[in-house]
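Scroll down for the structure; my scribbles are underneath it.
Numbering (the UniProt record's numbering), first residue to last: 1 to 121.
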């Protein structure tokens with residue numbers, strides 16, 4: 001069972017992600033803002049982190065950068081799922097260390113394929 005943290009401040013988007021992943025072999029954890037995500041990452045071991053970019057307290061880019069800079073968490077794959085869809089946003093996400101970048105709205109298959117790719121690494 002893969003442990004996945006979903007950091008998403010929109011209840012609607014978090015429920016959508018949960019509906020896509022509930023049938024899989026995933027144990028899901030949710031954070032409603034960047035600071036809560038940061039605390040969970042310090043306390044728990046995750047196989048994958050899904051981050052929204054625009055969140056209160058700390059944004060997804062900041063959390064991604066912190067995950068990738070930390071020796072203990074640097075190998076955790078990160079998928080950014082964001083409404084920020086400009087090429088510059090995608091480029092910046094990859095610069096922060098994101099393994100995948102998906103723009104909202106997205107189809108369930110987009111997320112499932114990205115997760116499979118990340119968990120195979």
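Note that beta-carbon positions come from the ideal geometry of N, C-alpha and C, so glycine has one too. Every value quoted in this text rests on a predicted model; they were computed, and no experiment measured them.
A straight line joining the alpha-carbon of residue 97 with that of residue 65 spans about 6 Å. Shown here, residue 100 sits in a strand according to DSSP, grouped into three states. Secondary structure at residue 81: strand, using DSSP grouped into helix, strand and coil.
Around the CB of residue 83, fewer than 16 other CB atoms lie within 10 Å, so the residue is classed as exposed.
Each residue's CA atom was taken as its position, placing residue 105 and residue 10 some 13 Å apart. With respect to the C-alpha of residue 71, the residue from 81, 91, 41 and 50 having the closest C-alpha is 41.
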